[in-house]
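K.L.:
Just so we're aligned, residue 29 is where the sequence shown starts under the numbering used here, counting upward by one.
Here a beta-carbon is modelled for each residue, glycine too, at the ideal position from N, C-alpha and C.
Computed from a predicted model, the values in this text were never measured in an experiment.
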Amino acid sequence: MRLVLLGPPGAGKGTQAGGLARRYEVPHISTGDMFREHGQLGTPLGLKIARFMQSGQLVPDDLVLEMVEERLTREDARRGFVCDGFPRTLPQAESFARRLASHGLALDGVVLLEVPFQALIRRLCLRRVCPRCGALYHLEDRPPRQAGLCDADGSVLLHREDDHEEIIRERLEVYQQQTAPLVAFYEKATLLFRVDSARPVENIRADLYEILDPLYERSGDTR
Ligand code: AP5
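#1: Helix, strand or coil for G12 per DSSP?
#2: Extract the residue ranges of the beta strand (DSSP E) inside the segment 118-177, only unbroken runs of 3 or more that lie entirely within it.
#3: Taking DSSP as the reference, what is the three-state secondary structure of V92?
#4: Assign Q204 to one of two classes, buried (16 or more other C-beta atoms within 10 Å of its C-beta) or exposed (fewer than that).
#5: Please confirm whether I196 and P37 have their CB atoms less than 8 Å apart.
#6: Taking all protein chains shown into account, do 16 or more other C-beta atoms lie within 10 angstroms of the C-beta of G137, making it buried, or fewer, making it exposed?
#7: For a test of the three-state rule: what should DSSP assign to L185, helix, strand or coil?
#8: Going straight from the alpha carbon of E97 to that of G40, what length do you get?
#9: Less than 8 Å separating the beta-carbons of L33 and A45?
#10: Could you tell me which residues DSSP puts in a beta bridge with L100?
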């Protein structure tokens, strides 16, 4: 199963991707999580990308593509993947399609999670993240049982440094300019499915399974 989750910051890509990856037995590949890990470890890549991430700008395509290429060559990605936050520009999408085609492969589907921008600002300002297990919380809609601590492992929850209103607005602008054109790109390739994601997480998940289970069955010959 080779799947891309597309959508603006805060649309719920990370919230849905883990469950999909488990259901279809493929890795969840989040370029945002990979970059944050490089940042935390202080790798050369982490140092190069810090200013882009802190300001809500996209990391340059060549750095993204190199990192993704390395990730896709690992054994666990042979049966497919759920990509979350990649591709994000037309050059990334075109390069990704060429890379898959060169291995005789193609995407099975691209899901666009649609949410009005005003709702996204509220979601992201109040998001908190567990630095250890990646669990996601929302201070009002999905609060942790004990304030500030992860339900699963007790870690102190983080407020991402790009989850402040001014930077969120910048990320939404960047999405509109650089990522939204991918909707037409994947529509033309007849790969795109739209899901209204301004609804409860469970309803969205049910719709995703309904759309994606048949694709998973059809992908059987190449998985
Ligand atoms: P990245 O980490 O990918 O951030 P993003 O795309 O901006 O997406 P988010 O993680 O903010 O949102 P999400 O859609 O995953 O929502 P979530 O499920 O967390 O990228 C960060 C940065 O890395 C970029 O700005 C860029 O610099 C760089 N980067 C990454 N990939 C790149 C690439 N390919 N090219 C170039 N640069 C790249 O949910 C958000 C909140 O909403 C949570 O609190 C959650 O609990 C809540 N929520 C989720 N679903 C619902 C729902 N249905 N109802 C109510 N609340 C909900």
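P.N.:
Quick look at the numbers:
#1: The structure shown does not extend to residue 12, since the chain is modelled only from 29 to 251, so the question has no answer here.
#2: 137-142, 155-157, 164-166
#3: helix
#4: exposed
#5: yes
#6: G137 counts as buried, since at least 16 other C-beta atoms from the protein chains shown sit within 10 angstroms of its C-beta.
#7: In this structure, DSSP gives L185 a state outside helix and strand, which the three-state scheme calls coil.
#8: 24 Å
#9: Yes, the pair counts as a contact, with Cβ atoms nearer than the cut-off.
#10: Its beta-bridge partners do not exist; DSSP assigns none.
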